[in-house]
Amino acid sequence: DSGVTQTPKHLITATGQRVTLRCSPRSGDLSVYWYQQSLDQGLQFLIQYYNGEERAKGNILERFSAQQFPDLHSELNLSSLELGDSALYFCASSVESGNYGYTFGSGTRLTVV
Amino acid sequence: GESVGLHLPTLSVQEGDNSIINCAYSNSASDYFIWYKQESGKGPQFIIDIRSNMDKRQGQRVTVLLNKTVKHLSLQIAATQPGDSAVYFCAARSARQLTFGSGTQLTVLP
Numbered sequence: 125d126s127g128v129t130q131t132p133k134h135l136i137t138a139t140g141q142r143v144t145l146r147c148s149p150r151s152g153d154l155s156v157y158w159y160q161q162s163l164d165q166g167l168q169f170l171i172q173y174y175n176g177e178e179r180a181k182g183n184i185l186e187r188f189s190a191q192q193f194p195d196l197h198s199e200l201n202l203s204s205l206e207l208g209d210s211a212l213y214f215c216a217s218s219v220e221s222g223n224y225g226y227t228f229g230s231g232t233r234l235t236v237v
Numbered sequence: 591g592e593s594v595g596l597h598l599p600t601l602s603v604q605e606g607d608n609s610i611i612n613c614a615y616s617n618s619a620s621d622y623f624i625w626y627k628q629e630s631g632k633g634p635q636f637i638i639d640i641r642s643n644m645d646k647r648q649g650q651r652v653t654v655l656l657n658k659t660v661k662h663l664s665l666q667i668a669a670t671q672p673g674d675s676a677v678y679f680c681a682a683r684s685a686r687q688l689t690f691g692s693g694t695q696l697t698v699l700p
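Structural data, given as structure tokens:
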């Protein structure tokens, strides 16, 4: 157990739907990062939050959004889902923004049918 | 921006041999590099990191070498064990963002 908790572990939904992925960072970590991992691809950075504020944005689609709450957990919202959104979504956390000793969660596998 | 690529998508080694996984990055301004290991069904796990002011760093059975001249990074695993079978990713930081390579699948043969 890495200390980063992601729920749900698996999610199957239909095209056009909206889903919410949840991440609880490791205790004491203020930064949360979201990554997408498609089949045979590396980890694509989506977005980072630090202590409730958006800190950096990567290749995140406009259909996707995220937030970090006062208790530091984060949610990634994916809407108007397409087949190509099927992927593993990972959350990682670290103590400080810019501290890249990330700890990853075990991911949420999203399947869009 | 940064792009990171691994030289081989797959690598097979005999148990007990040394493994070398290579990675190339594009941005000469990258200042920090990390190797991660990802086992099936799990999230990436930090193995070792190196800053751009170093050219070598050693951990337990692992060594990372950095050649900034040719923008090349390698991970060496000594005495490879079955538990080392996994996908290995390198990542490079520039402009405060980490860019990951696509991964090398390491298979350890008995």
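Which chain is which? The protein sequence lines are A and B, in order.
Under my numbering, the final residue of the first sequence carries the number 237; numbering is consecutive throughout.
Under my numbering, the final residue of the second sequence carries the number 700; numbering is consecutive throughout.
We treat Cβ as the ideally placed atom computed from N, Cα and C, and that holds for glycine.
Taking the straight line between their C-alpha atoms, what separation do you get for residue i and residue j?
{"i": "Val698 (chain B)", "j": "Ala669 (chain B)", "result": "11 angstroms"}
{"i": "Val143 (chain A)", "j": "Met644 (chain B)", "result": "43 angstroms"}
{"i": "Lys658 (chain B)", "j": "Ser642 (chain B)", "result": "8 angstroms"}
{"i": "Tyr157 (chain A)", "j": "Val603 (chain B)", "result": "33 angstroms"}
{"i": "Ala681 (chain B)", "j": "Asn608 (chain B)", "result": "22 angstroms"}
{"i": "Ser230 (chain A)", "j": "Gln628 (chain B)", "result": "10 angstroms"}
{"i": "Phe679 (chain B)", "j": "His197 (chain A)", "result": "26 angstroms"}
{"i": "Gln671 (chain B)", "j": "Lys632 (chain B)", "result": "19 angstroms"}
{"i": "Ser203 (chain A)", "j": "Gln130 (chain A)", "result": "19 angstroms"}
{"i": "Val652 (chain B)", "j": "Ser630 (chain B)", "result": "20 angstroms"}
{"i": "Ile667 (chain B)", "j": "Thr694 (chain B)", "result": "13 angstroms"}
{"i": "Arg636 (chain B)", "j": "Gly649 (chain B)", "result": "Reading off the sequence shown, one finds Phe at residue 636 (chain B), where the question assumed Arg. Spanning the two alpha carbons is a distance of roughly 12 angstroms."}
{"i": "Gly673 (chain B)", "j": "Tyr626 (chain B)", "result": "14 angstroms"}
{"i": "Leu598 (chain B)", "j": "Ile610 (chain B)", "result": "10 angstroms"}
{"i": "Asn175 (chain A)", "j": "Leu185 (chain A)", "result": "23 angstroms"}
{"i": "Arg146 (chain A)", "j": "Gly140 (chain A)", "result": "20 angstroms"}
{"i": "Val594 (chain B)", "j": "Pro194 (chain A)", "result": "34 angstroms"}
Put residue i into one of helix, strand or coil per three-state DSSP.
{"i": "Gly152 (chain A)", "result": "coil"}
{"i": "Asp639 (chain B)", "result": "strand"}
{"i": "Leu196 (chain A)", "result": "coil"}
{"i": "Leu185 (chain A)", "result": "coil"}
{"i": "Leu688 (chain B)", "result": "strand"}
{"i": "Leu598 (chain B)", "result": "coil"}
{"i": "Leu207 (chain A)", "result": "helix"}
Report, in whole angstroms, the separation of the C-beta atoms of residue i and residue j, which I expect to be a contact under 8 angstroms.
{"i": "Gln687 (chain B)", "j": "Ala180 (chain A)", "result": "6 angstroms"}
{"i": "Val236 (chain A)", "j": "Asp153 (chain A)", "result": "That belief does not hold up - the Cβ atoms of Val236 (chain A) and Asp153 (chain A) are roughly 30 angstroms apart, past 8 angstroms."}
{"i": "Leu163 (chain A)", "j": "Gly182 (chain A)", "result": "Their Cβ separation, rounded to whole angstroms, is 19 angstroms, which puts Leu163 (chain A) and Gly182 (chain A) out of contact at 8 angstroms."}
{"i": "Gly167 (chain A)", "j": "Phe690 (chain B)", "result": "Gly is not the amino acid found at residue 167 (chain A); the sequence shown has Leu there. About 4 angstroms; that satisfies the 8 angstroms criterion."}
Please go through the same chain and pick out, in chain order, the residues whose beta-carbon is closer than 7 angstroms to the beta-carbon of residue i, but skip the five residues on each side of it.
{"i": "Pro700 (chain B)", "result": "Glu605"}
Excluding the 5 residues flanking residue i on each side, which residues of the same chain have their C-beta closer than 6 angstroms to its C-beta?
{"i": "Lys646 (chain B)", "result": "Leu655"}
{"i": "Arg200 (chain A)", "result": "In the sequence under discussion, the amino acid at residue 200 (chain A) is Leu, which differs from the Arg named in the question. So the qualifying residues of the chain are Leu145, Trp158 and Ala190."}
Handout entry: the segment 654-665 of chain B / the segment 600-616 of chain B touching (three or more Cβ pairs under 8 angstroms)
Key = Here the segment 654-665 of chain B lies against the segment 600-616 of chain B, with 3 or more beta-carbon pairs under 8 angstroms apart.
Handout entry: the segment 130-141 of chain A touching the segment 183-201 of chain A, judged by at least three CB pairs closer than 8 angstroms
Key = Put simply, the segment 130-141 of chain A does not touch the segment 183-201 of chain A. Fewer than three CB pairs are less than 8 angstroms apart.
Exercise for the section: Could you please tell me which residues of the segment 176-203 of chain A, in chain order, have their CB closer than 7 angstroms to any CB of chain D? Expected result: Given the protein chain composition of this structure (A and B), no chain D is represented.
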